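There are 2 protein chains.
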Amino acid sequence: MTIDAIAFAGSKLDRADHIRTSPDALRDLMDWRARVLELDGLEPVVTPEGTLSWRTIGSVPEGSELIFLGLDGTRGCFAAVPSENPAGAMVPTPHARELMDLLHSDELATWGVARAMVSWHARHRFCARCGHTTVLAKGGWQRNCTFETCGGEHFPRVDPVAIMLVEHEGAMLLGRQPRFPAGRYSALAGFVEPGETIEEAVAREVFEEAGVRVRDVNYVMSQPWPFPSSLMIGCHAHADDPAIVVDRTELDDARWFTRAEVAEAMDAVGRDEPVGAFHAPPPTAVAHHLLKWWLAKG
Amino acid sequence: MTIDAIAFAGSKLDRADHIRTSPDALRDLMDWRARVLELDGLEPVVTPEGTLSWRTIGSVPEGSELIFLGLDGTRGCFAAVPSENPAGAMVPTPHARELMDLLHSDELATWGVARAMVSWHARHRFCARCGHTTVLAKGGWQRNCTFETCGGEHFPRVDPVAIMLVEHEGAMLLGRQPRFPAGRYSALAGFVEPGETIEEAVAREVFEEAGVRVRDVNYVMSQPWPFPSSLMIGCHAHADDPAIVVDRTELDDARWFTRAEVAEAMDAVGRDEPVGAFHAPPPTAVAHHLLKWWLAKG
Numbered sequence: 002m003t004i005d006a007i008a009f010a011g012s013k014l015d016r017a018d019h020i021r022t023s024p025d026a027l028r029d030l031m032d033w034r035a036r037v038l039e040l041d042g043l044e045p046v047v048t049p050e051g052t053l054s055w056r057t058i059g060s061v062p063e064g065s066e067l068i069f070l071g072l073d074g075t076r077g078c079f080a081a082v083p084s085e086n087p088a089g090a091m092v093p094t095p096h097a098r099e100l101m102d103l104l105h106s107d108e109l110a111t112w113g114v115a116r117a118m119v120s121w122h123a124r125h126r127f128c129a130r131c132g133h134t135t136v137l138a139k140g141g142w143q144r145n146c147t148f149e150t151c152g153g154e155h156f157p158r159v160d161p162v163a164i165m166l167v168e169h170e171g172a173m174l175l176g177r178q179p180r181f182p183a184g185r186y187s188a189l190a191g192f193v194e195p196g197e198t199i200e201e202a203v204a205r206e207v208f209e210e211a212g213v214r215v216r217d218v219n220y221v222m223s224q225p226w227p228f229p230s231s232l233m234i235g236c237h238a239h240a241d242d243p244a245i246v247v248d249r250t251e252l253d254d255a256r257w258f259t260r261a262e263v264a265e266a267m268d269a270v271g272r273d274e275p276v277g278a279f280h281a282p283p284p285t286a287v288a289h290h291l292l293k294w295w296l297a298k299g
Numbered sequence: 002m003t004i005d006a007i008a009f010a011g012s013k014l015d016r017a018d019h020i021r022t023s024p025d026a027l028r029d030l031m032d033w034r035a036r037v038l039e040l041d042g043l044e045p046v047v048t049p050e051g052t053l054s055w056r057t058i059g060s061v062p063e064g065s066e067l068i069f070l071g072l073d074g075t076r077g078c079f080a081a082v083p084s085e086n087p088a089g090a091m092v093p094t095p096h097a098r099e100l101m102d103l104l105h106s107d108e109l110a111t112w113g114v115a116r117a118m119v120s121w122h123a124r125h126r127f128c129a130r131c132g133h134t135t136v137l138a139k140g141g142w143q144r145n146c147t148f149e150t151c152g153g154e155h156f157p158r159v160d161p162v163a164i165m166l167v168e169h170e171g172a173m174l175l176g177r178q179p180r181f182p183a184g185r186y187s188a189l190a191g192f193v194e195p196g197e198t199i200e201e202a203v204a205r206e207v208f209e210e211a212g213v214r215v216r217d218v219n220y221v222m223s224q225p226w227p228f229p230s231s232l233m234i235g236c237h238a239h240a241d242d243p244a245i246v247v248d249r250t251e252l253d254d255a256r257w258f259t260r261a262e263v264a265e266a267m268d269a270v271g272r273d274e275p276v277g278a279f280h281a282p283p284p285t286a287v288a289h290h291l292l293k294w295w296l297a298k299g
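Taken in order, these protein sequences are the chains called A and B.
If you read the first sequence in the working numbering, its first letter stands for residue 2, the second for the next number, and so on.
If you read the second sequence in the working numbering, its first letter stands for residue 2, the second for the next number, and so on.
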């Protein structure tokens, strides 16, 4: 991936949403020029040149449900829903982490939307309203219940997640989730819940996880994150009282790091040398870009 | 509602998420002091004093699924999932619109989270993975599949929606959805899709609906919107080329309005007098606050 890019953003495919609602246009695109993303479960097959691998539509098992990812020029790009549920890790596998470093930004974005969509379809073969089977509709941007008196329509999920840098007198609050690699600290984060603003979600999560009250929450940047389908909403906030009470059911630890410690850790990302106070998150994580933004704004 | 408040935000209930995961703590809260929000379908029953009406937990039919909304002091507040699916309008009914004007901001927020949650539970009684029945878990913040070999876990949805003011040389792009009342124009909006940032969603939606390319997208404010459970993400962007191509499948119209026209329309909100170029959105809509923000920033 291009190191300055936000991972999983910047797809070059044109989503061409008017095609989704036109069965004729969709059928016309499913010709010999169409491309189907080659997936092994939820992970892409990569060519020796380090690019995504695509197949023709004829190579897909007959009757496969096809998701219209978008147009590459005038050519339709699709992903097939596998007949078996793919083993769907909610966090990137080590292999996925390698692919995230390897693939070009826009190809990573194409894989990201395919992963989120294929995973959603595989987990929504039944109607949550009535339990009957569902079928793919509108080029994969909808599933419909097959039970006529139900008529349930279901749409792909995007789960908004607030992820936040909290600052107190020039120091930065970072936490360690149990699943993190050794030494890693990153921004606190949590799902935005029904009935709250982004700013309220930031304040609630920081208080829940670290016992710290925040003010002056500001949005900084966002990132799509296909594990399984989140929208990471990166924010910055201030704390007046630095006293921390760690919620040990969520975090191993939460600490304040000085600007110098953060700068040193960010400087060491991608190097083999030992780092200082902690290991910073990699460039594929929005937390990395938030920390870079924070250091740059001074 | 307090006219300056963001509707459906600012609930005074403490979500107390540690209680959700403790069956003992939940059971202890379900005592004679507990309150259950009185709902008629998805709409609240309002007292003669114009406040939300609450019942005791003993008045709820035995076996009802109860959602833990949060703590009011040390008292648990709940909502019951009805045994029948409530008629769940995806846009506010005229009665809901009246309630939105009537209720105090923090009570509106309490209704909002209850509406989003009750509606989600009522539409997710079956497992989307396997079709078996699901049961409420973790105080209503999860549903679990009852089929042991599936073990599906399902979480309440929050659907992020980008809603945006687009500016060109001091004029503002607003559109008319077919369902709007006569004369109403408001900010363009659309769901953020898997695989895009907020900024990419803004650019895609504006181009899809109005054929206008935007740059310099900035986040302004957010609002929870429980019809059925959106997170409205309010943004501002610039356009260089004002040429509009309206997508008539989405919009009746899209037009540029001068700052004076927007100011006049906003000034007329809530008055009975005839308005100028268009009817501005009401204070319960985030679009209203976006326009107010835009006029104030000058």
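A virtual CB, placed ideally from N, CA and C, is assigned to each residue, including glycine.
A quick note: this is a predicted structure, and the numbers were derived from the prediction, not measured.
For residue i, which of helix, strand or coil comes out of DSSP?
i, result
"A/P24", "helix"
"A/G141", "helix"
"A/A10", "coil"
"A/L174", "strand"
"B/L252", "coil"
"A/R260", "helix"
"A/F228", "coil"
"A/I58", "helix"
"A/S223", "strand"
"A/P45", "strand"
"A/H290", "helix"
"A/V82", "strand"
"A/D268", "helix"
"B/F208", "helix"
"B/E154", "strand"
"B/D5", "coil"
"A/E66", "strand"
"B/D15", "strand"
"A/H280", "strand"
"A/V215", "strand"
"B/D73", "strand"
"A/D273", "coil"
"B/H105", "coil"
"B/T111", "helix"
"B/I199", "helix"
"B/A244", "coil"
"A/D29", "helix"
Exposed or buried, residue i, counting other C-beta atoms within 10 Å across all chains shown (16 or more means buried)?
i, result
"A/W33", "exposed"
"B/G74", "exposed"
"B/V187", "The residue asked about is misnamed: residue 187 of chain B is Ser in this sequence, not Val. With 16 or more other Cβ atoms within 10 Å, it is buried."
"B/I4", "exposed"
"B/P225", "buried"
"A/R180", "exposed"
"B/A115", "buried"
"A/V136", "exposed"
"B/R205", "buried"
"A/H237", "buried"
Measure the beta-carbon distance from residue i to residue j and round it to whole angstroms, keeping in mind my assumption that it falls under 8 Å.
i, j, result
"B/A117", "B/S223", "At roughly 15 Å, the Cβ-Cβ gap does not stay under 8 Å, so B/A117 and B/S223 are not in contact."
"A/I68", "A/G140", "7 Å"
"A/I164", "A/V287", "6 Å"
"A/F127", "B/R130", "7 Å"
"B/Q178", "B/L252", "6 Å"
"B/V203", "B/V215", "7 Å"
"A/H125", "A/C146", "Not confirmed; about 11 Å, so no contact."
"B/L43", "B/A80", "Not confirmed; about 10 Å, so no contact."
"A/L174", "A/L291", "12 Å between Cβ atoms; not a contact."
"A/V270", "A/A281", "5 Å"
Based on DSSP bridge pairs, tell me the residues matched to residue i.
i, result
"B/M165", "B/L189, B/C236"
"B/R98", "Paired residue(s): none; B/R98 is not in a bridge."
"B/V136", "B/N145"
"B/V37", "B/R56, B/F79"
"A/F127", "A/T134"
"A/D160", "A/S231"
**Asked** Does the segment 121–128 of chain B come close enough to the segment 155–162 of chain B to have 3 or more Cβ pairs within less than 8 Å?
**Response** yes
**Asked** Touch check for the segment 20–35 of chain A and the segment 97–106 of chain A: three-plus C-beta pairs under 8 Å?
**Response** no
**Prompt:** Given 8 Å as the limit, is there contact between the segment 168–185 of chain A and the segment 239–259 of chain A, that is, 3 or more CB pairs closer than that?
**Reply:** yes
**Message:** For the structure I just gave you, are there three or more beta carbon pairs, one from the segment 195–214 of chain A and one from the segment 236–252 of chain A, closer than 8 Å?
**Reply:** yes
**Prompt:** Would you call the segment 264–284 of chain A and the segment 41–52 of chain A in contact, with 3 or more CB pairs under 8 Å?
**Reply:** no
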